[in-house]
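S.K.:
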Amino acid sequence: MGNITIEKLTGKNSPLTYNVRNLQNLDIVLETPALVYAIPESEAADAIGMKVEGNTMLITISWTLIDDDTTLVDQKTGGNSILTADDQMSFLMETFQSSSVSDNYRFRLFPNNSNTAFFTQTGILTKAGATKTASTPVTYNATVVFAVANMTTSADNQEE
Numbered sequence: 000m001g002n003i004t005i006e007k008l009t010g011k012n013s014p015l016t017y018n019v020r021n022l023q024n025l026d027i028v029l030e031t032p033a034l035v036y037a038i039p040e041s042e043a044a045d046a047i048g049m050k051v052e053g054n055t056m057l058i059t060i061s062w063t064l065i066d067d068d069t070t071l072v073d074q075k076t077g078g079n080s081i082l083t084a085d086d087q088m089s090f091l092m093e094t095f096q097s098s099s100v101s102d103n104y105r106f107r108l109f110p111n112n113s114n115t116a117f118f119t120q121t122g123i124l125t126k127a128g129a130t131k132t133a134s135t136p137v138t139y140n141a142t143v144v145f146a147v148a149n150m151t152t153s154a155d156n157q158e159e
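In numbering that gives the first Met the number 0, the protein residues as written are 0 to 159.
1. Any idea what DSSP makes of PHE106, helix, strand or coil?
2. Under the criterion of a Cβ to heavy atom distance below 7 Å, does GLY78 qualify as lining the ligand GTP?
3. Let me know the beta strand (DSSP E) ranges lying completely inside the segment 79–128, each 3 residues or longer, listed in chain order.
4. How many Å lie between GLY10 and LEU57 at the Cα?
5. Who are the near neighbours of SER153 in its chain, counting only those whose CB is closer than 6 Å to its CB and skipping five residues on each side?
6. State the DSSP-derived secondary structure class of ASP45, mapped to helix, strand or coil.
7. In whole angstroms, what separates the C-alpha of ILE47 from that of ILE27?
8. Going by Cα to Cα distance, which pick from ASP66, VAL35, GLU40 and ARG107 is closest to VAL51?
9. Under the rule that 16 or more other beta-carbon atoms within 10 Å means buried, what is ASN156, buried or exposed?
10. What does DSSP give as the partner residues of LEU29 in its beta bridges?
11. Do you know offhand how far ASP45's Cα is from ALA33's?
12. Assign THR130 to buried or exposed, taking buried as 16 or more other Cβ atoms, counted over all protein chains shown, within 10 Å of its Cβ.
13. CA-CA distance, SER134 and GLY128?
14. Would you decide whether THR138 is buried or exposed? Buried here means 16 or more other CB atoms lie within 10 Å of its CB.
15. Quick one: what's got a C-beta closer than 8 Å to THR110's C-beta in the same chain, skipping five residues either side?
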């Protein structure tokens, strides 16, 4: 697996680019809801399928936060670098969180040794968590859920 970035494009504290390292798990789920109605006294192939809702996609990323020599946030360098596991957890839970419907994020996957993403989605972070256990007291396990969406505000939808 190459590099993974999560970018906060708009909103408070933006722009910010977080570089995910020490990946544990990446789960990308596309849901395509459909209703299937069986016809009484008919075979399965005679059922009627209808698509009445749009598709949704959730991306769940889990990784280990460990002390690092290089900042994990492109815009935070020098004395503001995000280096320690504690700094990373604090950044994810406080600075990087979404607080408005106008906050936009971008998720990107890059192949090894390339700066060109092969998978890019925009949306919003709907969940973030960090756990620390007694067996690993100097690291955290972080999880972020990214919902793919075209984020709009109420002002975007008003008629002129």
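Heads up, the beta-carbon is just placed ideally off N, CA and C, and yes, glycines get one too.
Quantities reported herein were computed from a predicted structural model and do not represent experimental measurements.
M.R.: Short version:
1. strand
2. Annotation note on the ligand GTP: not contained in the displayed structure, which lists no ligands.
3. 104–108
4. 21 Å
5. In this prediction, SER153 has a pLDDT of 48, which is less than 50 and means its spatial position is unreliable; nothing more can be read from the coordinates.
6. helix
7. 28 Å
8. VAL35
9. A caution first: ASN156 carries a pLDDT of 49, below 50, which makes its placement in the model unreliable, though a value can still be read off. So ASN156 counts as exposed.
10. MET56
11. 16 Å
12. exposed
13. 18 Å
14. buried
15. Checking the sequence shown, residue 110 turns out to be Pro, not Thr. Cβ within range, chain order: GLY1 and PHE117.
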